Amino acid sequence: MQDDAAQNQTLLGADELVLNMGPQHPSTHGVLRVKLKLDGERVRGTECVIGYLHRGVEKIAENRTYQQFAPYVDRMDYVAAVSNGLGYCEAVEKLLNVEAPPRAKVIRTIMTELQRIASHLIWLGTHALDIGALTPLFYCLREREEILKIFEKYCGARLTTHAFRIGGLQYEAYDSFEKDVERFCKDFERRIQEYVDLLTGNSIWIGRTRNVGVLSAEDCIALGASGPVLRASGVKWDLRRAQPYAAYDQYKFEIPVGTKGDTYDRYMVRMEEMRQSRLICLQAIENIPAGPIIGKVGKVLKPPAGEIYHSIEAPKGILGYYIVSDGTTQPYRVRIRPPSFINLQALDKMARGHLVADVVAIIGTLDIVLGEVDR
Amino acid sequence: MLDKAIFFFFAGVAILSAGLMVTRRNAIHSAVFLITTLLATAGIFLQLRAEFIFIAQIILYVGGIMVLFIFVIMLVRLDVALHQIQFSRQKWVALFVTLALAAEVGVMLWSSRKVPGQGFLLPNAVPAAKLLPNTEELAGRLFDGYLLPFEIASVLLLVAMVGAVVMAKKRT
Amino acid sequence: MHPNLHALLVFLQTWWVELVSGVVIVAVVPLIAGYLVLMERKLMADMQARLGPMRVGPHGLLQPIADAVKLLIKEDIIPDNADKLVFWLAPVVSMTAALTAMGAIAFGPTFQVARDINVGLLFVIGVSSLGLFGIVLGGWASNSHYSIMGALRSTAQLVSYETAAGLALVSGLLLAGTLNIRAIVDAQQHLGVWFVFLAPVAFFIYVVASIAETNRAPFDLPEAESELVAGYMTEYSGFRWALYFLGEYANMIVVGAVAATLFLGGWLRPFPNVRWMNWLDALPALSTAAVGVYCVWRAGKQPARVQTWFMWGVALACFAGALILGVPLLMAPLKFLVPGLHGAFWFLLKISAYIYLFMWLRFTLPRYRFDQLMHLGWYILIPLAIVNVLAVGVAMILETEYGWNRWLAMIATTIITLAAALFLMRLNDKREAAASSAAPPPEEASTEDSYAG
Chain A
44 MQDDAAQNQT LLGADELVLN MGPQHPSTHG VLRVKLKLDG ERVRGTECVI
94 GYLHRGVEKI AENRTYQQFA PYVDRMDYVA AVSNGLGYCE AVEKLLNVEA
144 PPRAKVIRTI MTELQRIASH LIWLGTHALD IGALTPLFYC LREREEILKI
194 FEKYCGARLT THAFRIGGLQ YEAYDSFEKD VERFCKDFER RIQEYVDLLT
244 GNSIWIGRTR NVGVLSAEDC IALGASGPVL RASGVKWDLR RAQPYAAYDQ
294 YKFEIPVGTK GDTYDRYMVR MEEMRQSRLI CLQAIENIPA GPIIGKVGKV
344 LKPPAGEIYH SIEAPKGILG YYIVSDGTTQ PYRVRIRPPS FINLQALDKM
394 ARGHLVADVV AIIGTLDIVL GEVDR
Chain B
6 MLDKAIFFFF AGVAILSAGL MVTRRNAIHS AVFLITTLLA TAGIFLQLRA
56 EFIFIAQIIL YVGGIMVLFI FVIMLVRLDV ALHQIQFSRQ KWVALFVTLA
106 LAAEVGVMLW SSRKVPGQGF LLPNAVPAAK LLPNTEELAG RLFDGYLLPF
156 EIASVLLLVA MVGAVVMAKK RT
Chain H
4 MHPNLHALLV FLQTWWVELV SGVVIVAVVP LIAGYLVLME RKLMADMQAR
54 LGPMRVGPHG LLQPIADAVK LLIKEDIIPD NADKLVFWLA PVVSMTAALT
104 AMGAIAFGPT FQVARDINVG LLFVIGVSSL GLFGIVLGGW ASNSHYSIMG
154 ALRSTAQLVS YETAAGLALV SGLLLAGTLN IRAIVDAQQH LGVWFVFLAP
204 VAFFIYVVAS IAETNRAPFD LPEAESELVA GYMTEYSGFR WALYFLGEYA
254 NMIVVGAVAA TLFLGGWLRP FPNVRWMNWL DALPALSTAA VGVYCVWRAG
304 KQPARVQTWF MWGVALACFA GALILGVPLL MAPLKFLVPG LHGAFWFLLK
354 ISAYIYLFMW LRFTLPRYRF DQLMHLGWYI LIPLAIVNVL AVGVAMILET
404 EYGWNRWLAM IATTIITLAA ALFLMRLNDK REAAASSAAP PPEEASTEDS
454 YAG
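Protein chains in written order, with my numbering: chain A, 44 to 418; chain B, 6 to 177; chain H, 4 to 456.
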């Protein structure tokens with residue numbers, strides 16, 4: 044605390060002040076505290092203070108069995124719980140050297156892509172709201188409602204779904220699953236067009252997002268940014284194509300890539316990703332293979348001693364699980380690589396030189412969820 | 006009769022506000038009372054049927070110059086000035102000069118009351134029907150007879166504006 | 004009788020209509036402003052695929068009353084070191100300016116508080132611009148750094164766009180030839196066309212400038228909720244905040260009234276002089292009756308009985324309104340009522356359309372950043388407004404001195420102004436491209452880490 048004040052004292056020039064944003068703030072998307080060092084209106088430096096939502100999830104993992112820990116991962120990125128579950132289940136399956144049956148893989152893919160659309164919809168709505176467009180939020184929530192209804196019909200929960208099990212799935216796809224997904228996807232194209240009409244060509248939107256928060260490709264790689272942030276800067280790296288998991292190698296989809304790495308490019312990349320997810324879903328429901336939904340896993344899971352690292356392309360970026368097993372029913376260590384945490388580190392680089400009003404846009408464009416940042 | 010009441014109301018407000026303005030310590034209070042003074046003066050203009058000057062007073066003086074004053078007051082650090090004692094030595098000189106001026110004005114008013122039909126307290130207003138529309142009359146004179154002074158004044162304002170912009174730019 | 008008392012009675016006898024009109028405005032406008040808030044919430048909900056206030060009263064119609072009661076019974080909080088006099092004064096100034104400006108507006112050929120002020124339009128603009136004292140003093144009185152900055156920003160925005168609005172109005176005034184509100188509408192009747200068709204660019208500039216004048220989106224950065232500071236209104240709670248808000252909505256009405264008077268023909272119906280369009284005179288009564296019929300039709304479909312009764316009540320009120328509007332048309336001895344009633348109807352319709360446009364824009368467009376806002380005002384709107392004034396002046400000279408057809412002259416000058424607008428925007432784009440390519444956000448040596456250590 045004291046070196047903080049001393050630091051600020053020595054570093055503050057005559058015109059500089061330190062402005063505190065959060066932890067309670069409508070635009071920080073959670074409990075995030077950002078200290079902005081301002082020179083007049085310009086940001087000269089930022090410092091994020093996190094940990095307000097730390098719940099010790101990784102420590103809890105050491106005292107739960109592998110199956111018991113599965114619901115906990117949903118609570119990290121609570122906006123995209125299904126992806127978290129997919130990453131964890133696949134990581135443990137890797138540890139057990141078990142593969143989920145093809146039917147489970149395809150249903151997992153469909154659910155994950157629907158979750159990606161839902162996560163991007165929340166991002167779009169809140170980002171637009173921060174920049175001042177009041178209406179896209181409600182349209183996005185309306186679409187997301189359809190996805191959550193499908194989730195509820197499938198596994199009983201909307202937000203923290205615990206949809207998958209280690210080895211496959213617990214629940215069979217309900218009767219009208221394909222029909223619901225198809226109806227949603229058919230409808231969704233028209234809805235995306237609504238968002239495009241409202242925002243993409245709008246000169247105010249372009250004025251607020253073009254050249255704001257530019258992150259070059261080298262900086263992205265140096266900082267470890269991933270997901271749409273990385274792709275908008277021009278690096279075509281998507282784990283679904285580079286290291287395919289679940290059933291992604293069976294489907295054709297594009298990887299949208301931006302050029303400048305500014306907020307507008309990240310917006311375009313995520314909009315296009317929603318379209319591609321929709322295409323994946325449509326391809327997947329055409330041909331869901333019959334068969335068992337869960338592989339050969341016992342009731343008591345005792346993976347052999349060892350360690351694995353498995354990562355997936357979550358909506359926010361690369362979500363990785365590093366699990367160390369010591370041969371017992373409880374993992375020795377579960378380390379989670381949260382994409383939001385690592386992307387958040389880019390905030391300083393992106394915000395420098397911009398005006399205070401842009402900081403809100405930059406935080407929004409990083410698409411962070413504090414549950415994941417703090418775990 | 007009503008004219009009298011309205012005039013005394015506006016004049017009273019003007020004098021009271023002016024007095025309050027010069028005696029307040031808080032600069033913003035002074036500014037607020039200056040605004041009320043100007044508004045009261047505008048009311049007197051209106052009573053004299055000078056509508057254009059009334060509205061020009063409001064738009065330019067109150068809406069322009071007073072806003073400028075208030076901006077300056079807010080942007081300049083005043084806590085320093087608040088603690089200083091201002092004009093302590095000139096209080097008595099000011100009082101003497103004010104009394105002298107007041108006596109002069111009083112003598113003038115008193116001596117003129119004997120002249121019939123031209124009292125200062127109750128001006129003989131020209132009946133409203135005879136007055137030409139204020140704005141048109143003013144515009145006619147300004148653009149017809151007094152065009153050169155008008156243009157000179159506008160060039161002067163332009164120079165002031167450009168100068169202000171140049172000086173501000175140099176700062177940053 | 005005492006001469007003073009006699010004078011007072013004579014005064015009241017001459018001016019009682021105006022006094023009553025004044026009282027009506029002061030009493031009714033806050034209520035109307037409250038219902039404008041409800042209309043905005045309902046419109047917002049409709050455009051956002053939801054319902055809006057539904058609980059308080061049928062379809063939320065008593066919501067403004069509930070809000071007013073809540074705000075009145077809230078605790079009156081004054082910040083610690085705030086200046087009490089100015090803190091009290093600021094919202095009052097805001098509201099007073101807006102209401103006073105309404106005094107000079109003619110809501111129809113017969114309803115005007117201050118009749119025939121020679122400088123009517125200038126009065127409205129000048130007095131409504133006094134509202135910015137409410138903002139700047141309110142921000143200062145809150146004794147918080149962020150409030151002051153928000154207030155100063157808001158004031159700077161208002162002052163900049165006032166210039167543009169004024170210049171746009173000048174274009175319209177050139178066509179009218181007078182500042183007297185009654186005479187402006189009479190000029191439009193004389194010419195037989197609303198001024199918006201003769202000077203559309205001026206109207207457009209005025210629309211944009213008036214949105215910025217009233218601090219509405221997309222120019223509402225100083226009072227946006229997701230910004231770092233909530234602006235000059237932060238420290239105001241309870242009824243003081245309500246006064247600010249009502250002042251803002253009253254300002255919207257004033258601005259709409261000015262636009263309706265100068266550009267949209269005031270209380271004239273569309274095509275005011277065209278004889279074969281006289282059937283439009285029946286429109287007020289017919290449209291009110293149509294709304295009544297719709298209410299009757301919906302009354303049967305209401306889920307609850309109280310809602311059915313309410314719809315019937317609304318329908319009856321609509322039919323009564325239709326009768327009031329329609330009967331004087333048909334009955335000769337009552338014909339003198341027609342201009343007043345119908346004029347008021349058309350005028351209020353135009354103001355409503357204008358305010359609907361404001362609300363529509365609020366829900367659709369994102370917000371401008373402050374520097375972009377000022378840039379738009381000073382670099383684009385003001386030059387365009389100046390060019391427009393010149394163009395309209397040239398058009399008028401062409402018409403009077405050189406005998407051009409009025410429409411030809413006006414269309415030619417509109418095209419010139421639009422060309423100037425395109426040129427300005429092209430210039431702007433070039434400037435922006437140069438700025439963004441030349442100087443990406445100025446980076447000091449990127450190794451400097453202010454917070455390292």
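In this text, a Cβ means the ideal position worked out from N, Cα and C, and glycines have one as well. Computed from a predicted structure; not experimentally measured.
Element boundaries [beta strand (DSSP E), containing A:Thr89]: In the first sequence, counting from the first residue as 1, residue 89 of chain A sits at position 46. Element bounds for A:Thr89: Arg85 to Val92.
For A:Asn63 and A:Gly396, what's the separation of their Cα atoms in angstroms? For the purposes of this step, residue 63 of chain A is identified with residue 20 of the first sequence, where counting begins at 1. For the purposes of this step, residue 396 of chain A is identified with residue 353 of the first sequence, where counting begins at 1. Spanning the two alpha carbons is a distance of roughly 17 Å.
Check: Between the stretch 106 to 114 of chain H and the stretch 268 to 283 of chain H, do three or more beta carbon pairs fall short of 8 Å?
Finding: yes
Would B:Met113 be called buried (16 or more neighbouring beta carbons within 10 Å of its own) or exposed? Position 108 of the second sequence, counted from the first residue, corresponds to residue 113 of chain B. It counts as exposed.
Open item on the list: Does any residue of chain H have a CB that is nearer than 8 Å to the CB of B:Gly48?
Closed with: Here residue 48 of chain B is taken as the residue at index 43 of the second sequence, counted from 1. It does not: the Cβ of B:Gly48 has no partner Cβ on chain H nearer than 8 Å.
Check your understanding: Any residues in the stretch 344 to 369 of chain H with a beta carbon nearer than 9 Å to a beta carbon of chain C? Which ones, in chain order?
Key -> Of the protein chains in the structure, A, B and H, none is chain C.
query: Between B:Val170 and chain H, is there a C-beta pair that is closer than 8 Å?
result: If you number the second sequence from 1, residue 170 of chain B lands on position 165. Output row for B:Val170: interface = no.
* With a threshold of 16 other CB atoms inside 10 Å of the CB of H:Ile128, please say whether the residue is buried or exposed. => Taking the third sequence and counting its residues from 1, one reaches residue 128 of chain H at position 125. Label assigned to H:Ile128: buried.
Under 8 Å, Cβ to Cβ, is there at least one residue of chain A near H:Pro1? Outside the displayed span of chain H (4 to 456) sits residue 1 of chain H, for which this structure offers no information.
When you check each C-beta in the stretch 48 to 72 of chain B against every C-beta of chain H, which residues fall closer than 7 Å? Glu56, Phe57, Ile60, Ile63, Ile64, Val67, Gly68 and Val72
- Query: Which of helix, strand or coil does DSSP assign to H:Ser213?
  - Reply: Translated into positions along the third sequence, residue 213 of chain H becomes position 210. Of the three classes helix, strand and coil, the one that applies to H:Ser213 here is helix, per DSSP.
Between A:Arg309, A:Ser383 and A:Ser246, which has its C-alpha nearest H:Glu435's C-alpha? The residue labelled residue 435 of chain H in the question sits at position 432 within the third sequence. Comparing Cα-Cα distances from H:Glu435 to each of A:Arg309, A:Ser383 and A:Ser246, the minimum goes to A:Ser246.
Cross-strand partners of A:Met218 (DSSP beta bridge):
Within the first sequence, numbered from 1, the residue matching residue 218 of chain A stands at position 175. Here the sequence assigns Asp to residue 218 of chain A, which means Met is not the residue at that position. Paired residue(s): none; A:Asp218 is not in a bridge.
Chain-ordered neighbours of H:Gln51 on chain A, where CB pairs are closer than 7 Å: Working through the third sequence from its first residue, we reach residue 51 of chain H at position 48. Near H:Gln51 (Cβ distances below 7 Å), the residues of chain A are Thr178 and Phe181.
Query - Any 3 or more C-beta pairs closer than 8 Å across the stretch 66 to 83 of chain A and the stretch 309 to 323 of chain A - result: no
Q | Where the alpha helix (DSSP H) containing A:Asp82 begins and where it ends | A | For this step, residue 82 of chain A is matched to residue 39 along the first sequence. A:Asp82 -> not in any alpha helix (DSSP H); beta strand (DSSP E) instead, spanning Arg76 to Asp82.
In angstroms, rounded to a whole number, what distance separates the CA positions of A:Glu189 and H:Arg58? Translated into the one-based positions of the first sequence, residue 189 of chain A becomes position 146. Translated into the one-based positions of the third sequence, residue 58 of chain H becomes position 55. Their Cα atoms are separated by approximately 26 Å.
Margin query: Buried or exposed, going by whether 16 or more other CB atoms sit within 10 Å of the CB of A:Gly341?
Written below: Along the first sequence, one-based indexing puts residue 341 of chain A at 298. When all chains shown are included, A:Gly341 counts as exposed.
When the Cα of A:Pro358 is compared with those of A:Tyr109, A:Lys137 and A:Thr155, which residue comes out closest? Along the first sequence, read from residue 1 onward, the residue named residue 358 of chain A stands at position 315. Comparing Cα positions, the closest option is A:Thr155.
*H:Asn121 versus chain B: which residues are under 7 Å apart at the beta carbon?*
Residue numbering aside, residue 121 of chain H sits at position 118 when the third sequence is read from its first letter. Within 7 Å Cβ-Cβ: Glu56, Pro138, Asn139 and Thr140.
Quiz prompt | Counterpart residues of H:Phe274 in DSSP-defined beta bridges | solution = Mapped onto the third sequence, residue 274 of chain H falls at position 271. Answer is none; H:Phe274 lacks a bridge partner.
>> Just to confirm before moving on: does the CB-CB distance between H:Ser150 and H:Pro225 stay below 8 Å?
In response: In the third sequence, counting from the first residue as 1, residue 150 of chain H sits at position 147. In the third sequence, counting from the first residue as 1, residue 225 of chain H sits at position 222. No; because the gap between Cβ atoms is not below 8 Å, this pair is not in contact.
From the DSSP secondary-structure annotation, give me the bridge partner or partners of A:Tyr364. On the first sequence, position 321 is the one that residue 364 of chain A refers to. Note: A:Tyr364 sits in a beta bridge opposite A:His353 and A:Ile379.
- Helix, strand or coil for A:Ile337 per DSSP? On the first sequence, position 294 is the one that residue 337 of chain A refers to. Here A:Ile337 sits in strand by DSSP.
On the DSSP letters alone, give me the boundaries of the alpha helix (DSSP H) that H:His9 sits inside. Taking the third sequence and counting its residues from 1, the one referred to as residue 9 of chain H is at position 6. Run containing H:His9: Pro6 to Met50, per the alpha helix (DSSP H) assignment.
Beta carbons nearer than 9 Å to chain A: which residues of the stretch 373 to 405 of chain H have them? Phe373, Asp374 and Gln375
What is the residue span of the alpha helix (DSSP H) that B:Asp149 lies within? Reading the second sequence from its first residue, position 144 is the one you call residue 149 of chain B. That residue, B:Asp149, is in no alpha helix (DSSP H); it is neither H nor E in DSSP.
**Request:** Drop a sphere of 10 angstroms on the beta-carbon of B:Ser116, count the other beta-carbons inside from all chains shown, and report buried for 16 or more, exposed for fewer.
**Result:** The residue given as residue 116 of chain B occupies position 111 in the second sequence. So B:Ser116 counts as exposed.
* Asked: Taking the alpha-carbon positions, what's the H:Ala202 to A:Ala389 distance?
  -> Taking the first residue of the third sequence as 1, we reach residue 202 of chain H at position 199. Taking the first residue of the first sequence as 1, we reach residue 389 of chain A at position 346. Taking the straight line joining both Cα atoms gives about 51 Å.
Q) Using a Cβ-Cβ distance under 8 Å, would H:Ser229 count as near chain B? A) Locating residue 229 of chain H in the third sequence gives position 226, where the first residue counts as 1. With a pLDDT of only 47 at H:Ser229, under 50, the local geometry of the prediction cannot be trusted, and the value read off the model is given with reservation. Taking Cβ atoms only, chain B never reaches closer than 8 Å to H:Ser229, which makes this a no.
- Output, in chain order, the set of chain H residues within a Cβ distance shorter than 7 Å of A:Gly175. Start at 1 with the first residue of the first sequence, and residue 175 of chain A comes out as number 132. Those are Ala220, Pro221, Ala227, Pro369 and Arg370, listed as they occur along chain H.
Below 8 Å on the Cβ atoms is my contact criterion, and I expect A:His170 with A:Thr408 to pass it. Report the Cβ-Cβ distance as a whole number of Å.
Counting from 1 along the first sequence, the entry for residue 170 of chain A is found at position 127. Counting from 1 along the first sequence, the entry for residue 408 of chain A is found at position 365. The Cβ separation is near 6 Å, so the contact holds.
8 Å Cβ cutoff, A:Ile165 in contact with chain H | Within the first sequence, the letter at position 122 stands for residue 165 of chain A. False, the Cβ-Cβ gap to chain H never drops below 8 Å.
**Message:** I'd like the list of long-range same chain contacts for H:Thr416, defined as Cβ closer than 7 Å, with 5 residues on each side in sequence excluded.
**Reply:** In the third sequence, residue 416 of chain H corresponds to position 413, counting from 1. Cβ within range, chain order: Ala394, Val395, Val397 and Ala398.
Would you give the residue range spanned by the alpha helix (DSSP H) that A:Tyr294 belongs to?
Here residue 294 of chain A corresponds to residue number 251 of the first sequence, with the count starting at 1. Neither: A:Tyr294 is in no alpha helix (DSSP H) and is coded neither H nor E.
Exercise. Can you tell which of B:Val18, B:Asp149 and B:Trp97 has the C-alpha that lies nearest to the C-alpha of B:Leu44?
Worked result: For the purposes of this step, residue 44 of chain B is taken as residue 39 along the second sequence, with counting starting at 1. Taking only the C-alpha atoms, the option nearest B:Leu44 is B:Val18.
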